[in-house]
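Just below is one structure, and these are the notes that go with it.
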Amino acid sequence: MEKQGVLNNNNIAGSPLIHKLCLGVVLFGFWMVLSGRTETKFIVYGILTAVVTTWLTYPLLLVPNKDGSKRYFVFGVSLPKFIMYFFWLMWQLVLANIDVLLATTSQELNIDPKVVRFYFKVDNPMASVVLANSITLTPGTVTINVTDDGLYEIHALTAGAAAGVLDGSMQRKVAGLYGEKFDFAVAESEE
């Protein structure tokens, strides 16, 4: 990958300079937390290490969209939006845990496994990755497959889990997190 064109490349979403600056600050902060030392020597080592690491890894942290016309920075999300999404996802994990607990501990097992399908089309590949992993992280659901045309196949353990996947709320949150247009549709069942 060519290094010279990264700063003034028009097909990179967002500002490469801002991306590099944020990555460098985070790496320097990580260095300071790990070293725990505030002497000048360690601060200079941290700055140099952060600058070199940023320079070497930035091109590796750019992922192309499906047609290759645009590249996205892997960590290119707004920190406040990410924090809001994180807390929302943690709440969804609590609700899903309760759903699975009630389904598996009731007198009659309320398990109704099924595979549900929906389309979620986004340009940023990181949005697809975050959605698939968020679904798998939530108890009672596992992402089985994601196709190139945006078809997600999800195994749901309970009816509540299936309904939660198909209501579009997680997809809407992920689209908002990455500034993508909300393009969601439930796919026809193959049964």
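If you read the sequence shown in the working numbering, its first letter stands for residue 822, the second for the next number, and so on. Glycine included, C-beta positions come from ideal geometry on N, C-alpha and C.
Could you pull the start and end residues of the alpha helix (DSSP H) that residue i belongs to?
{"i": "N831", "result": "Segment: none, N831 is in no alpha helix (DSSP H) and carries neither H nor E."}
{"i": "I868", "result": "861 to 878"}
{"i": "Y906", "result": "900 to 926"}
{"i": "T1018", "result": "The displayed coordinates of the chain run from 822 to 1012. Any statement about residue 1018 would go beyond what the structure contains."}
{"i": "V936", "result": "Element bounds for V936: not the alpha helix (DSSP H) but the beta strand (DSSP E), 935 to 941."}
{"i": "L972", "result": "Run containing L972: none in the alpha helix (DSSP H); it sits in the beta strand (DSSP E), 972 to 977."}
{"i": "G1000", "result": "Note, G1000: premise wrong, no alpha helix (DSSP H); not H, not E."}
{"i": "G845", "result": "837 to 856"}
Return the chain-ordered list of same chain residues with a C-beta closer than 7 Å to the C-beta of residue i, the five sequence neighbours on each side being excluded.
{"i": "E1001", "result": "V943, D944, N945, A948"}
{"i": "K935", "result": "A977, A983"}
{"i": "F903", "result": "L998"}
{"i": "A1008", "result": "R938, F939, Y940, L972"}
{"i": "T979", "result": "D920, V921, A924, N931, I932, D933, G961"}
{"i": "N832", "result": "S890, K891, R892"}
{"i": "I989", "result": "Here the sequence assigns Gly to residue 989, which means Ile is not the residue at that position. Once the five neighbours on either side are set aside, the close Cβ partners of G989 are F1005."}
{"i": "S1058", "result": "It is not possible to answer for residue 1058, since the shown part of the chain is limited to 822 through 1012."}
{"i": "M911", "result": "none"}
Report buried or exposed for residue i, applying the criterion of at least 16 other Cβ atoms within 10 angstroms of its Cβ.
{"i": "I839", "result": "exposed"}
{"i": "F908", "result": "exposed"}
{"i": "S927", "result": "exposed"}
{"i": "T964", "result": "buried"}
{"i": "P901", "result": "exposed"}
{"i": "V854", "result": "exposed"}
{"i": "G889", "result": "exposed"}
{"i": "Q825", "result": "Because the pLDDT of Q825 is 47, which lies under 50, any placement of that residue in the model is unreliable, and the number read from its coordinates should be weighed accordingly. That one is exposed."}
{"i": "G981", "result": "buried"}
{"i": "S955", "result": "buried"}
{"i": "L881", "result": "exposed"}
Quick one: residues in its chain with C-beta nearer than 6 Å to the C-beta of residue i, no 5 flanking neighbours on either side, listed in chain order?
{"i": "D1004", "result": "K942"}
{"i": "P885", "result": "R892"}
{"i": "K841", "result": "T875, Y879"}
{"i": "V995", "result": "A948, V951, L952"}
Spell out the partners DSSP gives residue i in its beta bridges.
{"i": "P885", "result": "R892"}
{"i": "F1005", "result": "F941"}
{"i": "V986", "result": "Beta-bridge pairing links V986 to no other residue."}
Please list, in chain order, all residues of the same chain as residue i whose beta carbon is under 8 Å from its beta carbon, the five residues on each side excluded.
{"i": "V967", "result": "S949, A953, Y973, E974"}
{"i": "D970", "result": "Y940, K942"}
Between which two residues does the beta strand (DSSP E) carrying residue i extend?
{"i": "I932", "result": "No beta strand (DSSP E) contains I932, which DSSP labels as neither H nor E."}
{"i": "T968", "result": "Where T968 is concerned, there is no enclosing beta strand (DSSP E), given that its DSSP letter is neither H nor E."}
| message | Does the stretch 983 to 998 come into contact with the stretch 901 to 916, if we say contact requires no fewer than three beta-carbon pairs (one atom in each stretch) closer than 8 Å? | response | yes
Are the stretch 860 to 879 and the stretch 896 to 904 touching by the rule of at least three beta carbon pairs closer than 8 Å?
no
Q.
Is it the case that the stretch 843 to 858 contacts the stretch 866 to 875, given that we only count it when at least three CB pairs across the two stretches are under 8 Å?
A. yes
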